[in-house]
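**Q**
Chains as they are written, first to last, in the numbering used here: chain A, 1 to 699; chain B, 1001 to 1699.
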């Protein structure tokens, strides 16, 4: 059962007024010594209590022999003692009222059974007392605004964090440090940095929710190797979306080797990467593939401008760079829309050889007359209706003389328009870059990365614009639960039909005569199928006959199927032979539900034939979801044009398909523990409606 | 007609012994002044002749009133005078024996007809005298080894180039400068840098060939917006492949907006981007998508190690980074192959909790015992059989104390193995990074980029390993030329068949009786098709009837088709009705030839149905090509598994398909000017052989 998010309870851990270091050492190279040194040198304002039974003073601070003897119980205890001592120390401190623990110690669930038991005890202590715990097996945290540095990561030695609008959370300590170093070297302020390690209590979702509530944080970057509690993650991402705070996640383990490596080094269940991918999209998080992308997007997001239309204006002094950025724009889903004709005409008048459509190319001419930049950019900003403008200025800002002229020209052009997203592709020393950033520009060396960042902000803007309030449909009153025991095809379809999934009309015939009568009622041509709970995969024994056109064919077909069952599955129960009309026209879809180890019931959708078999062209959603979400889901597959009337095909009923998927998602949740998997294959999408032709529920 | 490559003739331009600056100015801000300043300050050893009719001295150098009055004719003249003066000056100098011109002046073919005429005159002067010309409308060049700086690009002001093993050529001046600045800031030595501008004479291909011949250059980076002379490009790339010098190209214009922007700002024909992509693959160049990728690959290539097996070993101190790098490896086509069992067992003995499979995760334990790094890495290097090893060491190299220990541990591990490709993912100040580079490591901040670089080197290694000597097949003696005038289907197939493309057996029937007789000979079921040179697209009038099973059906079908032609295309000539057997089984392919504006005859291949229509799953090759190349071509499409026996399908005859494509490519070249396009649709690929069922040659 999922524990609810409770950000207030995290305050003693993340924003303590007093801290103890359990295992504080006089040796500044040892973990407990280094931690104390960083904490003390960091400038933390509250009392720091080194705990050391052998010394009255450690690193110039008064030390206490045990946690029980500090003048007051500290808000937070940093735990740096050997694993076998941890449980008892934490228990005693929690009972004395300590409500925050940051446990560096390794040797818990990640190493074996004894460690796992210790970790379980920590969890129990937390449950009982309300104390919150970071780790064990973590690299700690820092809260820059409080100068609270509670880590032994050496990364802190070659540069302190500076405050900013970004919070970073990482399951991996070493990788979290790597992220921090890169962010710091880039000049990106990091407000909070937490590593969660084994996540016996505090996890990535808790912290996302904490940062959503924190007014000093605008952007959240999270590195995760696996999710333990989907409900809390979904809750946290929902809060972030509502607060318009982007969550940029890295979830590693997309490759087979990667996933098995992840499982070997944490206790996480890796889950299917495609499901993670879909879930992040579904719940509005931005998934970054690389560290570089994560930091680029986090940096860009600090401007807090999230466009949705995706219209990109490009200004360049190099035709080549303009082309390059246009290519990148297409790749990142941006529209390099042309300038209005009238505006173009006026730009042409200023300079006949300039390209004015978009990309707008001032050519080298601006070297002679910098007012060209001002006038061109101003026209783009005021008349181009662009969400963002990227200017390629390369190393001009560092050129003596010309650099300052360019800065003035840009300033004139953007006067009064500081709410616009203006991105410079520039190559200059850090101090020059920072001076531009102080004026509100984003700066990227690589023009492709500049465009990619705008693409990412647009994706984030669109995710924020999604109306997440739509509820999944209510199940029909007639909905049947999935029966226990093995299910035949007919029963599977009956159950699905009761939940609102349209199924093909069919009759169960117990004899050839009944089959002929059923065919007459349903109308020719018809299909015959073996109906046996013991033969879930009918095609393996040739148990389906298609397109039978007359009573003779039905009679012969009936005999053939009965014979095939008798011969190939002699012991199988045979309920009879299903008679169903052929469904003509439309496209075959495959729809399924499985229970993902991380996300629980997940609905899959794809087109039949080579799309699923060869191209793996499928998409997922975590159940349940509303019709709206199903519509987005359907549009994600590459084969979507086949449903949408590509190349003269009929337009198919995407709305009915969306409803069907959404209803199935509700069915999947209501029946929670009653199935292992559900397959509808094929679900025919028709010009009007959808119909499940075959279904299998494995219980 | 293509001019042959002649690297020697470029020496006066690129490696001159004396230089004149035409338009040398005393004002160091003006183009002619700045150029002189950079050239003089650069330390060029030979005489520099400023040309200025108004001064006897310019910037402290003796000036000459005209090019005719220099003591000797200079090897190279830098031209910085207004466009209307350029032709006459160049003509006079060329006649006096100058053999190299670097023409900065703009206002030629890029601006209109007059400029185009001037440019044509420059070309004529070059042809007549043998003088070589860079530009016009270019930013010049530099040759770092000779301290020959012939550019007015301000990028030179904030840092001089240092020599290295890399040569850079860029059609775009501004983008070329951007590349140089990034390379220089990265610490990458650039031997040569040339911008080609309008390419009236010297083009990217000439320079690639020049660098291939230059012993100081190992790696060539080329930025291009369009190719003017495919033969010279193919020649240059072939030389580079033979010399094992990688050519890393950026060719912009992949998007529709990008391509139109490219066309608007140069005189290049953009060509189809997919064709460029295929051509670079075909001729062994590495295409980089972004500047960052180009420089990363160029940097990595300076180690001159080009693996082909793609086995990647990963060592990490962070499980998370190991997972991330494994994911990246899969994406870049590398195999994170496990360590041998025996080696793993021994590593486990050293440290039971380490991951030893690959990624090998030393965990934080190495902080306590650095010999772990040495022993682990040594075992991987000597027993893992990896082409490359990437170590994630993040900011440890800059940690006081620990950093030097790590360096020693790495040195011990790699002793005697300096030929191995060792890549560090590290974040450190430049001087620390450079000290590692000096020991032979490659260093990347981002672990994903580290892995991507190994992937790129592997792609380059594989391209170098391709045996490019295989010749396209000789056309059969019986091969017919494509006839002039409009071609009917039967004639198209006959012509193709004569060139070795297998076609379906068929008969032309002039009456229903002839059709029935033909069907009897060919065997039922058969297909009937309208045969009319005036109806190239038969399906538009329902001119194809499939799967006719008996003489009655043939008679009715014949009448139907004749009637459809009479009614829907009353004026059309009707040669008769084609009778052909149905081809059963196999997969439908679509094969075509078109004349690409940049590359001439290009063969396209894809699978029929949705693969081409919806997924645009096609690939290209420049004609002609050998069977070997056709085999690689076939494997490039996403639908390839359908030919290769996916999901229980029969394996189809890929060898016959490759032969057919290769023969078609020869046919396409021999018939050069005789067609606009050739379509074989469908070409059926059978378990044994291929057969063209329909073909259309548009003349």
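All residues carry an ideal CB built from backbone N, CA and C; glycine is no exception.
Residue 1041/B: which of 1065/B, 1149/B, 1030/B sits nearest, CA to CA?
**A** The option with the nearest alpha carbon to residue 1041/B is 1149/B.
**Q** Starting from residue 1412/B and walking both ways along the alpha helix (DSSP H), at which residues does that stretch end?
**A** That run of the alpha helix (DSSP H) goes 1402-1414.
**Q** Threshold first: 3 residues or longer. Then list the beta strand (DSSP E) segments lying entirely within the segment 592-660 of chain A, N to C.
**A** As far as the segment 592-660 of chain A is concerned, its whole beta strand (DSSP E) runs of at least 3 residues are 600-607, 618-622.
**Q** Looking at the structure shown, is residue 268/A part of a helix, part of a strand, or coil, going by DSSP?
**A** Any reading at residue 268/A needs caution, since the residue's pLDDT is 41, under 50, leaving its predicted position unreliable; the model's value is listed next. Coil, per DSSP.
**Q** Drop a sphere of 10 angstroms on the beta-carbon of residue 1368/B, count the other beta-carbons inside from all chains shown, and report buried for 16 or more, exposed for fewer.
**A** Residue 1368/B comes out exposed.
**Q** Per DSSP, what kind of secondary structure is residue 1466/B in: helix, strand or coil?
**A** Three-state result, residue 1466/B: coil.
**Q** Please specify which runs of the alpha helix (DSSP H), each continuous and at least 4 residues long, are wholly inside the segment 1324-1363 of chain B, giving them in chain order.
**A** Segments of the alpha helix (DSSP H) lying fully in the segment 1324-1363 of chain B: 1341-1350.
**Q** Would you say residue 1760/B faces chain A, with C-beta separation under 7 angstroms as the test?
**A** In the structure displayed, chain B extends from 1001 to 1699; residue 1760/B sits before or after that span and is not available.
**Q** Quick one: grab the DSSP three-state call for residue 1569/B.
**A** Of the three classes helix, strand and coil, the one that applies to residue 1569/B here is coil, per DSSP.
**Q** For residue 353/A, which residues in chain B fall below 7 angstroms Cβ to Cβ?
**A** Those are 1111, listed as they occur along chain B.
**Q** For residue 441/A and chain B, any beta-carbon pair shorter than 7 angstroms?
**A** It does not; no Cβ of chain B falls within 7 angstroms.
**Q** Taking the beta strand (DSSP E) that residue 698/A belongs to, which residues open and close that run?
**A** Counting along the chain, the beta strand (DSSP E) containing residue 698/A begins and ends at 695-698.
**Q** In the DSSP assignment, the beta strand (DSSP E) including residue 430/A goes from what residue to what residue?
**A** Premise fails: residue 430/A lies in the alpha helix (DSSP H), 430-438, not in any beta strand (DSSP E).
**Q** Considering only residues of the same chain and omitting the five flanking positions on each side of residue 659/A, which have a CB-CB separation below 7 angstroms?
**A** 627, listed in sequence order.
**Q** Between the Cα of residue 1310/B and those of 1282/B, 1541/B, 1384/B, spot the shortest distance and give me the residue it belongs to.
**A** Taking only the C-alpha atoms, the option nearest residue 1310/B is 1384/B.
**Q** Bridge partners for residue 1100/B per DSSP, in chain order?
**A** BP columns for residue 1100/B point to 1076/B, 1132/B.
**Q** Alpha carbon to alpha carbon, how far is residue 278/A from residue 412/A?
**A** If you take the alpha carbons of residue 278/A and residue 412/A, they lie about 44 angstroms apart.
**Q** Could you tell me the alpha carbon to alpha carbon distance between residue 1321/B and residue 1200/B, rounded to whole angstroms?
**A** Straight-line Cα distance between these residues: approximately 50 angstroms.
**Q** On the criterion of 16 or more Cβ atoms from any shown chain inside 10 Å, does residue 1085/B qualify as buried, or is it exposed?
**A** Residue 1085/B should be labelled exposed.
**Q** Hey, out of 1556/B, 1673/B, 1694/B, 1099/B, whose CA is closest to residue 1580/B's CA?
**A** Out of 1556/B, 1673/B, 1694/B, 1099/B, 1694/B has the C-alpha closest to the C-alpha of residue 1580/B.
**Q** Would you say residue 31/A reaches chain B, if we count a Cβ-Cβ gap shorter than 7 angstroms as a contact?
**A** Cβ-Cβ to chain B under 7 angstroms: no for residue 31/A.
**Q** Is there at least one Cβ from chain A nearer than 7 angstroms to residue 1387/B's Cβ?
**A** No, residue 1387/B lies away from the interface with chain A (no Cβ there is under 7 angstroms from its Cβ).
**Q** By the DSSP assignment, the alpha helix (DSSP H) with residue 41/A in it spans what residues?
**A** Note, residue 41/A: alpha helix (DSSP H), 31-42.
**Q** Against chain A, with Cβ distances strictly below 7 angstroms, would residue 1398/B count as a contact?
**A** By this cut-off, residue 1398/B is an interface position.
**Q** Listed in chain order, which residues of the segment 320-331 of chain A have Cβ atoms closer than 9 angstroms to some Cβ of chain B?
**A** For the segment 320-331 of chain A, which is checked against every Cβ of chain B, the residues closer than 9 angstroms are 320, 321, 322, 323, 324, 325, 326, 327, 328, 329, 330, 331.
**Q** Would you mind telling me which residues of chain A sit closer than 8 angstroms to residue 1291/B, beta carbon to beta carbon, in chain order?
**A** The answer, in chain order, is 324, 446, 447, 448.
**Q** Could you give the distance in angstroms between the alpha-carbon of residue 1719/B and the alpha-carbon of residue 1609/B?
**A** Given that chain B is displayed from residue 1001 to residue 1699, the structure contains no residue 1719/B and the question cannot be resolved.
**Q** Answer yes or no: does any C-beta atom of chain A fall closer than 7 angstroms to that of residue 1287/B?
**A** With 7 angstroms as the cut-off, residue 1287/B does not count as an interface residue toward chain A.
**Q** Beta carbons nearer than 8 angstroms to chain A: which residues of the segment 1157-1191 of chain B have them?
**A** For the segment 1157-1191 of chain B, which is checked against every Cβ of chain A, the residues closer than 8 angstroms are 1157, 1158, 1170, 1171, 1172, 1173, 1174, 1175, 1177, 1178, 1181, 1182, 1185.
**Q** Just tell me which of 570/A, 519/A, 496/A, 134/A has its CA closest to the CA of residue 478/A.
**A** Among 570/A, 519/A, 496/A, 134/A, the Cα nearest to that of residue 478/A is on 496/A.
**Q** Quick check: does the Cβ of residue 1387/B come within less than 6 angstroms of any heavy atom belonging to the ligand FAD?
**A** Ligands displayed in this structure: none; no statement on the ligand FAD is therefore possible.
**Q** Just to confirm, are residue 204/A and residue 161/A a CB contact at a threshold of 7 angstroms?
**A** No, they are not a contact pair.
**Q** Between 1232/B, 1559/B, 1023/B, 1119/B, which lies nearest to residue 1078/B when the distance is taken from Cα to Cα?
**A** With distances taken between Cα atoms, residue 1078/B lies closest to 1023/B.
**Q** Alpha carbon to alpha carbon, what distance is there between residue 192/A and residue 51/A?
**A** If you take the alpha carbons of residue 51/A and residue 192/A, they lie about 25 angstroms apart.
**Q** In this structure, does DSSP put residue 1254/B in helix, strand or coil?
**A** Coil, per DSSP.
**Q** Please report the Cβ distance between residue 1139/B and residue 1173/B, rounded to the nearest whole angstrom; I am assuming they are in contact, meaning their Cβ atoms lie under 8 angstroms.
**A** Rounded, the Cβ-Cβ distance is 3 angstroms, consistent with contact.
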